[in-house]
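All remarks here apply to the structure that follows.
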Amino acid sequence: MSNCNCLDLSFAATEAEASLGIARLSLCLEEKGLPGHRAGDVKIALAEAINNVVEHAYAGITPARVQVHCRFHQNWLDILISDTGMPLPGFCIPEGIPAALGETIDELPEGGFGWFLIHELTSDIRYERKEGCNRLSLRFDFPDSG
Amino acid sequence: MSLTSETTGGTQVITVHSDRIDAAMAIQFKEDMRNEAQSGNARVILNLTHVEFIDSSGLGAIVAAMKQLGNGRRLDLAGLHPFVEKVFRLTRMDTVFKLFASLDDALSAPTD
Numbered sequence: 002m003s004n005c006n007c008l009d010l011s012f013a014a015t016e017a018e019a020s021l022g023i024a025r026l027s028l029c030l031e032e033k034g035l036p037g038h039r040a041g042d043v044k045i046a047l048a049e050a051i052n053n054v055v056e057h058a059y060a061g062i063t064p065a066r067v068q069v070h071c072r073f074h075q076n077w078l079d080i081l082i083s084d085t086g087m088p089l090p091g092f093c094i095p096e097g098i099p100a101a102l103g104e105t106i107d108e109l110p111e112g113g114f115g116w117f118l119i120h121e122l123t124s125d126i127r128y129e130r131k132e133g134c135n136r137l138s139l140r141f142d143f144p145d146s147g
Numbered sequence: 334m335s336l337t338s339e340t341t342g343g344t345q346v347i348t349v350h351s352d353r354i355d356a357a358m359a360i361q362f363k364e365d366m367r368n369e370a371q372s373g374n375a376r377v378i379l380n381l382t383h384v385e386f387i388d389s390s391g392l393g394a395i396v397a398a399m400k401q402l403g404n405g406r407r408l409d410l411a412g413l414h415p416f417v418e419k420v421f422r423l424t425r426m427d428t429v430f431k432l433f434a435s436l437d438d439a440l441s442a443p444t445d
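Going down the list, the sequences are from chains Z and D.
Mapping of the first sequence onto this note's numbering: position 31 corresponds to residue 32, and the numbering continues sequentially without gaps.
Mapping of the second sequence onto this note's numbering: position 14 corresponds to residue 347, and the numbering continues sequentially without gaps.
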């Protein structure tokens, strides 16, 4: 019974594989009953977290795999993202202050929104570095469902 | 990623034929936009009707595409899916771009 509430997927930590992996996870989560009003939040936060692994944890080293484990509960969804790349700086979750928009078009930021979006869209974030692995847990509450 | 372009009445419409603009295609998108938008029309509408998902890298690529237009040329966005619109809203980029629900809305909007 508990197995039907879980979803596991792993893929190589490259941009191309991550793109396919994120699209596949989004589809599978919807099939598993991800509530429509939270679907966008989950997909965006999940994509940003996985992109961070590809771009930063494996920056300058041979990319290994990203493992994603999703578990549905009655009123929330837990997503655990694991990798064997470099730890988050200072072993801490970045604060996620959004990049300033600046005064002119030329000053507009072209990045620096990833952690801000993750903070905005999740109900809880936890991070631990354990035995050479990064383990990032994202929780999404579904207050209006069930 | 493929883009198509047509020009009507001094406005260039560039349509994205992909269901996503993400980290894997952001650089290619920027390059393709540079090539497509060389026409020099003052107003360019990016038609996102087929795009169901965008991440912050895709958002950054659209910002870069507007910057490279230069010279007071304007990039408006049309046909935003709810998830795509949400990324623009959360990052406050909805205050930078003009967003239109559909391409028809964008084309019929008064030009200033």
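The C-beta atom is built at its ideal place from N, Cα and C for all residues, glycine as well.
query: With a threshold of 7 Å on Cβ separation, who are the neighbours of residue 6 of chain Z within its own chain once the five nearest residues in sequence on each side are excluded?; result: 72, 73
query: How is residue 449 of chain D classed by DSSP in three states: helix, strand or coil?; result: This structure gives no information on residue 449 of chain D, because the portion of chain D shown stretches from 334 to 445.
query: Within the same chain, show all residues whose beta-carbon is closer than 8 Å to that of residue 347 of chain D, passing over the 5 residues directly before and after it, in chain order.; result: 336, 337, 338, 366, 369, 370, 377, 378, 379, 380
query: Per DSSP, which one or two residues make a beta bridge with residue 395 of chain D?; result: Paired residues: none, contrary to the question.
query: How do the segment 97-109 of chain Z and the segment 346-360 of chain D stand: do at least 3 beta-carbon pairs fall below 8 Å, yes or no?; result: no
query: Using the beta-carbon of each residue, which ones in chain D are nearer than 9 Å to residue 61 of chain Z?; result: Residues of chain D passing the Cβ test: none, with the nearest at roughly 17 Å.
query: Output yes or no for whether 7 Å exceeds the beta carbon distance between residue 85 of chain Z and residue 60 of chain Z.; result: no
query: Between D:419, D:416, D:410, which lies nearest to residue 396 of chain D when the distance is taken from Cα to Cα?; result: D:410
query: Does any residue of chain D bring its CB to less than 7 Å from the CB of residue 37 of chain Z?; result: no
query: Do you know offhand how far residue 17 of chain Z's Cα is from residue 10 of chain Z's?; result: 15 Å
query: Name the chain D residues whose beta carbon is nearer than 7 Å to that of residue 52 of chain Z?; result: 356, 388, 390
query: Closer than 9 Å by beta-carbon distance: list the chain D residues that pair up with residue 115 of chain Z, in chain order.; result: 388, 389, 390
query: Just confirm the distance between the C-beta atoms of residue 114 of chain Z and residue 389 of chain D, as a whole number of angstroms; I'd bet it's less than 8 Å.; result: 4 Å
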